[in-house]
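Colleague: Under mature numbering (1 follows the signal peptide of the UniProt record, and there is no 0), read the sequence shown as residues -21 to -1, 1 to 467, first letter to last.
Heads up, the beta-carbon is just placed ideally off N, CA and C, and yes, glycines get one too.
One structure coming up, written as structure tokens, with questions to follow.
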Amino acid sequence: MMWKHLECLLALQCFICLVRPAFVDEKALPEPCDLSLTWINEFQIKLSWNLSKDLDPSCRVSYEIKKPETMVTHKSFVELYVFLVDAVTYTVQTKPEECSDRTISKPVNITVTKPTELVKNFNCSLYTSTAMNCSWLIASQAPEDLLLYYKYAGENDIEQCSDYLYTAGQRTGCHLRGNISEQKMYFQVNGTVNGLSVRNTFLVEPLKNIKPQAPKVKITKESRSLSLSWAPPDFKDRFNCWNYTLRYSKCQETQCKNISKKTNENIPYDPRCQYRFQVKAVYSDKCGTGQSDWSEEEIYGAEDSLIIVIAIIVPASLFLFVILFLCCLMKYRETIFPKIPQPSVILKGMLNNSKEQTVSTATLSGVFRSGHWSKSKEQTVSTATLSGVFCSGHWSKSKEQTVSTATLSGVFCSGHWSKRKEQTVSTATLSGVFCSGHWSNSKEQTVSTATLSGVFCSGHWSKSKEQTVSTATLSGVFCSGHWSKSKE
């Protein structure tokens, strides 16, 4: 019994499902007829349709057009701006307003096909209230004769770009000037592909994408801080749309700080450090997108002196000190490190006679008295003078004879020196020999650099003995007509 009831319920449900679509279709309004699309200009289209003949004249309806956005109209046409980047499908339906028990109609569609892509990443940035740059990338199928046109919303005139930007000989941008900040703008890029005219169209709202010029930072020193200030970007009624990012370094340590809706900031100051500042303007999300580049770096304070001293001055000073030390050491090395005398030289000097006169490097000792040299008086020859003359067996102080650098004047004759002849001792020669009470020129004996050769015996010089004068001593005494070695 239960199974029979279930079978009846299932049969009833199937009947309802079959009958419902027909019932619903009877309630739906008739769809628009003859939907068409025509171009008004490069940026606008007109969608139009006709009313259905099956529509009850007493029923008041509207038409709903769906594209990326939805709109409603009571007319049988609508004008729309079209931006040809991708394919766009438009849908129109009849919508009841004062029709009892009637529902919205079936949709009617029409499609604008996707055009050939000429450019990619079309973008415009407003950088002042009267100047804007637009740029794009060239697509693979784009021709070289691309042209850019634009118009302001609400105006009919279309203008061509007069200031193109180029990359590798191709047009990749346009610089625009004018009162453009308050209006929407429509752009069209035209080109010819395979003999057919192709266009891509774009909508730009300048105030939605701003790239202002970088701020200029001004630094003022206060008591214990640095006061930073800058001017906001040049856009009317957009002061509250700007935030700022401050980047600065202190003693080579970098920090960042976000500043909201202010154009000034104070930073604690340390005079030991150098500061570097940069500011960037950032467009707030509620107003649009965009930001400036970083400002030029502003520097306050000198470089860290300690780093300079360590890195430059100290090594240079050490290098200079080493050079000067080596120069002084070379100049005064004999004073700093004197030669140590040998003991044998000192002992030999102590054993010399208490009075010894130097000739060139030795001495002429004693005086000639009574036919021999006497040690009673020593005369310095090399660096002093041989004073007086020999007269009556002794030296007279009446006359001084210079030996070392002057001359031994005259000859010994009759017990005194005669001025008839001057004999050079130090650098010349002791000329002649002593014979019969006077000097004979028959023989010249070198004194300064040679030797006084032989001895005087029987009125002549004998070669039996040579006496060194210049570098040794004039040895012996004159006794009985010859030189004796008994005394120096």
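Alpha carbons only, please: which of R255, F62, V183 and S104 is nearest the one belonging to K197?
Modeller: R255
Colleague: Among D216, M164 and V87, which has the Cα closest to the Cα of M111?
Modeller: M164
Colleague: What would DSSP say about G438, mapped onto helix, strand or coil?
Modeller: Here G438 scores only 40 on pLDDT, less than 50, and its place in the model should not be relied on; the value that follows carries that caveat. Coil, per DSSP.
Colleague: What's the C-alpha gap between V67 and T180?
Modeller: 13 Å
Colleague: I need the boundaries of the beta strand (DSSP E) containing R255, first residue and last residue.
Modeller: Membership of R255 in the beta strand (DSSP E) is indicated by the continuous run Y254 to Y262.
Colleague: In three-state DSSP terms, what is K185?
Modeller: For the record, residue 185 in the displayed sequence is Pro; it is not Lys. Here P185 sits in helix by DSSP.
Colleague: By how many angstroms is the C-alpha of D142 removed from the C-alpha of F218?
Modeller: 30 Å
Colleague: Roughly how many angstroms separate the alpha carbons of I19 and K187, rounded to a whole number?
Modeller: So the two alpha carbons sit approximately 27 Å from each other.
Colleague: Can you tell me whether S296 is helix, strand or coil according to DSSP?
Modeller: helix
Colleague: Quick one: grab the DSSP three-state call for L59.
Modeller: strand
Colleague: Measure the CB-CB distance between V64 and P122 and report whether it falls below 9 Å.
Modeller: no
Colleague: As a quick exercise: from K195, G148, C12 and E58, pick the residue whose alpha carbon is nearest that of L34.
Modeller: Checked all of K195, G148, C12 and E58; the closest Cα to L34 is C12.
Colleague: Specify, as a first and last residue, the run of the beta strand (DSSP E) that E313 falls within.
Modeller: E313 -> not in any beta strand (DSSP E); alpha helix (DSSP H) instead, spanning R312 to I315.
Colleague: Quick check on L308: does DSSP put it in helix, strand or coil?
Modeller: In the structure shown, L308 sits in a helix (DSSP, three-state: H, G or I).
Colleague: Using alpha carbons as the reference points, say which of T107, R312 and E138 lies closest to P185.
Modeller: T107
Colleague: Whose CA, out of A132, L126, I89 and K99, lies closest to the CA of Q139?
Modeller: Residue L126 holds the alpha-carbon nearest to the alpha-carbon of Q139 among A132, L126, I89 and K99.
Colleague: For M239, which residues does DSSP report across the bridge?
Modeller: Residue identity check: residue 239 is Ser in the sequence provided, not Met. The secondary-structure analysis by DSSP pairs S239 across a beta bridge with N222.
Colleague: Grab me the residues of Q234's own chain with a C-beta within less than 8 Å of its C-beta, minus the 5 sequence neighbours each way, in chain order.
Modeller: Correct list, in chain order: R226, Y227 and S228.
Colleague: Between L8, L30, L97 and V87, which lies nearest to E77 when the distance is taken from Cα to Cα?
Modeller: L8
Colleague: Using a threshold of 8 Å, is the CB atom of I292 nearer than that to any non-hydrogen atom of the ligand PLP?
Modeller: Absent from the structure shown: the ligand PLP. Ligands present: none.
Colleague: Could you have a look at I44 and say whether DSSP puts it in helix, strand or coil?
Modeller: strand
Colleague: By how many angstroms is the C-alpha of T52 removed from the C-alpha of F22?
Modeller: Whole-angstrom Cα-Cα distance: 21 Å.
Colleague: Per the DSSP calculation, Q167 is bridged to which residue(s)?
Modeller: Y128 and T180
Colleague: Which residues mark the beginning and the end of the beta strand (DSSP E) in which W28 is found?
Modeller: Note, W28: beta strand (DSSP E), Q23 to N29.
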